[in-house]
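A.B. asks: If you use the working numbering, the sequence shown closes out at 169, no skipped numbers anywhere. Each residue gets a CB set at the ideal place from its N, CA and C atoms; glycine is no exception. If you scroll down you'll find the structure; I have some questions about it.
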Amino acid sequence: MDVFIEKLVKKQKTSKDTLFSIGVVVAALIIVFGVIPLIPIVRNFLIFFLFLFGYLAHYLIRSRNIEFEYSLTNSELDVDKIIDQKRRKHVISVDCRDFEIMARVNTDKFTEDIKAIKNRIEAVSSMSSPDVYFAVFEDKGIKTVLFFEPNEKMIETIGRYIPRKLFK
């Protein structure tokens, strides 16, 4: 019997996202009202540039609305990044049987060796969430650590494939 489980996780806004949004708006205003009037040829198209940079600022700010979708089909875990509920970017596909270890981040299993792994995929709402799990595996010969927030049904299903490597 095939198993198919999906979960959608919305990334929480951070202070970095807020500063980015403020910076984009300020930069757009400075360009439209500070730089463009100084250029004689484009001065007549001020309204056009106002709308152009307004749309660009809107697009950049909306691109910070990120969700992650986890799809578990039997032992195959797919992680996709959804930007502004419009664009989908595939992040990774991995067979759960390839996990060396899977456990919660806030346990003693999250050792210094795992923290030192440079190739990291953070597909979580927030790294400070208590529901964040990590999984270590090799992706194209490079040791990788995936941070994600599976639900109980996903954890139970993954546990069937790696009972000795899963620590709840």
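1. What's the call for alanine 124, buried or exposed, on a 16-neighbour Cβ count within 10 Å?
2. Using a 10 Å radius around the Cβ and a threshold of 16 neighbouring Cβ atoms, would you call valine 27 buried or exposed?
3. Taking 8 Å as the cut-off, decide whether the C-beta atoms of lysine 144 and asparagine 120 are in contact.
4. With DSSP as the reference, please indicate the residues paired to serine 72 in a beta bridge.
5. Applying the criterion that 16 or more other CB atoms from any shown protein chain within 10 Å of the CB defines a buried residue, is threonine 15 buried or exposed?
6. Go ahead and label proline 151 buried or exposed: buried means 16 or more other beta carbons lie within 10 angstroms of its beta carbon, across all protein chains shown.
C.D. replies: This is what the structure holds:
1. Locating residue 124 in the sequence shown gives position 123, counting from the first residue. So alanine 124 counts as buried.
2. Here residue 27 is taken as the residue at index 26 of the sequence shown, counted from 1. Label assigned to valine 27: exposed.
3. Working through the sequence shown from its first residue, we reach residue 144 at position 143. Working through the sequence shown from its first residue, we reach residue 120 at position 119. It is a contact, given that the beta carbons lie within the stated cut-off.
4. For the purposes of this step, residue 72 is taken as residue 71 along the sequence shown, with counting starting at 1. Paired residue(s): Glu7, Asp79.
5. To locate residue 15, count along the sequence shown from 1; it is residue 14. Within a 10 Å sphere around the beta-carbon of threonine 15 sit fewer than 16 other beta-carbons, which makes this residue exposed.
6. On the sequence shown, position 150 is the one that residue 151 refers to. Under this definition proline 151 is a buried residue.
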